[in-house]
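Scroll down for the structure; my scribbles are underneath it.
Residue numbers (this note's numbering): 1268 to 1617.
Set out below in structure tokens:
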């Protein structure tokens, strides 16, 4: 059984029914998802094999649904771009399953929020509102959806989006865990969850598998915490501005399918997450479709960028890495390889 999934099983299937605390800060790898997610996981089968089969099956269904809803695939270019996206994000797919992670669920809820963004802002807000209850930093993704609701429907639509977001907080934060655990137990779980999040060990952020830009810039430059953080802002803020400008410039035409505009936001959110594990390359899948309509880089500069991205892809292949004299591609983790890969893909999709 994947190690990370074993954490879910221990918390939801072993500890909750026995009355033990699922948020034990003394665990080597503690359960850190919200009580709402914990409540859903308690419905898994009681056996290791059965629970993993159920979880992995749902994960694959989430990925399949996200791919089907991500674009219309009316043109040959879109189909080819999807195949390219699957090829370059395949390592992320495999590692998400191999570690038993939950990124496929995040991808589906993000695509669903995009699906309803222009026509049903309440439901867009509702699906986007679930994301921070899975992983807190994904609350940032509400920004593009809120902007779209305002640009395309004015104040009324933006208020509907916020109402949906608030409803999601009520639903996933209180109603679901309250129905499963009872309100008193839910309150106790929240206290334990918050206490656990407060005591995250510093070493966790420094592990070489963390590809967050906050850590990567420090690795690249050797700067101390404050100068490094300021440099990250110098990189990230212009990207956010460019992405918002693209939403504004496209607001006079019908909203395109999710992968065309959402993909760079997904990668940006993954990159700025303080704990951005390398299997976040799942969110690369739509960037080839987004790159079909470039607005930032064209001509020679675009071809150079594609060549650099291709080199990053090769550097993640063990046969190529071994030809260069290295044992495994993870050698480049401490050099922020995956972070740079995500960053250049965002530029390609702009």
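The beta-carbon is built from N, C-alpha and C at its ideal position, and this holds for glycine as well.
Computed from a predicted structure; not experimentally measured.
At 4 residues or longer, and completely inside the segment 1371 to 1408: list those alpha helix (DSSP H) runs for me, N to C.
Annotation: the segment 1371 to 1408 contains the following complete segments of the alpha helix (DSSP H) (minimum length 4 residues), in chain order: 1388 to 1401.
Looking at the structure shown, is residue 1601 part of a helix, part of a strand, or coil, going by DSSP?
Here residue 1601 is taken as the residue at index 334 of the chain shown, counted from 1. The answer is helix: DSSP assigns residue 1601 an H, G or I state.
Endpoints, the alpha helix (DSSP H) within which residue 1345 is located
Position 78 of the chain shown holds residue 1345. Its alpha helix (DSSP H) spans residues 1343 to 1366.
Under the assumption that residue 1433 contacts residue 1290 (Cβ atoms under 8 Å), give the Cβ distance between them as a whole number of angstroms.
Residue numbering aside, residue 1433 sits at position 166 when the chain shown is read from its first letter. Residue numbering aside, residue 1290 sits at position 23 when the chain shown is read from its first letter. Wrong, their Cβ atoms sit about 25 Å apart, outside the cutoff.
Using a Cβ distance threshold of 8 Å, determine whether the segment 1510 to 1527 contacts the segment 1480 to 1492, with at least three qualifying pairs required.
Counting Cβ pairs under 8 Å, fewer than three are found: no touch.
In three-state DSSP terms, what is residue 1477?
Taking the chain shown and counting its residues from 1, one reaches residue 1477 at position 210. Three-state result, residue 1477: strand.
Count the other C-beta atoms from every protein chain shown that fall within 10 angstroms of the C-beta of residue 1577, then say buried if there are 16 or more, exposed otherwise.
On the chain shown, position 310 is the one that residue 1577 refers to. The residue is exposed, with fewer than 16 neighbouring Cβ atoms inside 10 Å.
Looking only at its chain, what residues have a beta carbon closer than 7 Å to the beta carbon of residue 1409, apart from the 5 residues adjacent to it on each side?
To locate residue 1409, count along the chain shown from 1; it is residue 142. Taken in chain order, the residues that qualify are 1395, 1432.
Cβ pair residue 1435, residue 1367 closer than 9 Å
Mapped onto the chain shown, residue 1435 falls at position 168. Mapped onto the chain shown, residue 1367 falls at position 100. The answer is no: Cβ separation not under 9 Å.
Same chain, Cβ closer than 7 Å to residue 1472, neighbours up to 5 away in sequence not counted
Numbered from its first residue, the chain shown carries residue 1472 at position 205. The residues are 1482, 1541, 1542.
Going by Cα to Cα distance, which pick from 1440, 1479, 1570, 1470 is closest to residue 1296?
In the chain shown, residue 1296 corresponds to position 29, counting from 1. Out of 1440, 1479, 1570, 1470, 1470 has the C-alpha closest to the C-alpha of residue 1296.
Can you give the beta carbon distance from residue 1359 to residue 1603, rounded, assuming they're within the 8 Å contact cut?
Here the question's residue 1359 lines up with position 92 in the chain shown. Here the question's residue 1603 lines up with position 336 in the chain shown. Beta-carbon to beta-carbon, residue 1359 and residue 1603 are separated by about 16 Å, too far to satisfy the 8 Å threshold.
Measuring CA to CA, which of 1285, 1353, 1528, 1399 is closest to residue 1509?
Position 242 of the chain shown, counting from 1, holds the residue named residue 1509. Comparing Cα-Cα distances from residue 1509 to each of 1285, 1353, 1528, 1399, the minimum goes to 1528.
Counting along the chain, where does the alpha helix (DSSP H) carrying residue 1294 start and finish?
Residue 1294 sits at position 27 when you count from the first residue of the chain shown. Going by DSSP, residue 1294 is part of no alpha helix (DSSP H) at all; its letter is neither H nor E.
When the Cα of residue 1613 is compared with those of 1585, 1556, 1319, which residue comes out closest?
The sequence position of residue 1613 within the chain shown is 346, counting from 1. For residue 1613, the nearest C-alpha among the options comes from 1556.
By DSSP's criteria, residue 1460 is part of a beta bridge. Which residues make up the other side?
The residue labelled residue 1460 in the question sits at position 193 within the chain shown. Beta-bridge pairing links residue 1460 to no other residue.
CA nearest to the CA of residue 1345, picked from 1271, 1298, 1466, 1560
For the purposes of this step, residue 1345 is taken as residue 78 along the chain shown, with counting starting at 1. The shortest CA-to-CA distance from residue 1345 to any of 1271, 1298, 1466, 1560 is the one to 1560.
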